[in-house]
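A short write-up of the structure that comes next.
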Amino acid sequence: MCSSAVRVKVTRKYQITIPAEARERLGIGVGDVVEVRV
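When you line the sequence shown up against the numbering used here, it's residues 180 to 217, in that order.
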């Protein structure tokens, strides 16, 4: 898998929206759990 970068905005509730292209490429759907590593 090749990588790419995109900027997303954090809301007042500290939420982000995963762009459609990323969701599709990663197969992320409603109710899925996503792990974030920093």
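Here a beta-carbon is modelled for each residue, glycine too, at the ideal position from N, C-alpha and C. Model, not experiment: these values are computed from the prediction.
Per DSSP, residue 201 is one residue of the alpha helix (DSSP H) stretching across 199-205.
With a cutoff of 8 angstroms on beta-carbon distance, residue 195 and residue 185 are scored as not near each other.
Of 198, 191, 193, the smallest CA-CA separation from residue 183 is found for 198. For residue 207 against residue 213, the beta-carbon gap comes to about 6 angstroms, under 8 angstroms, which counts as contact.
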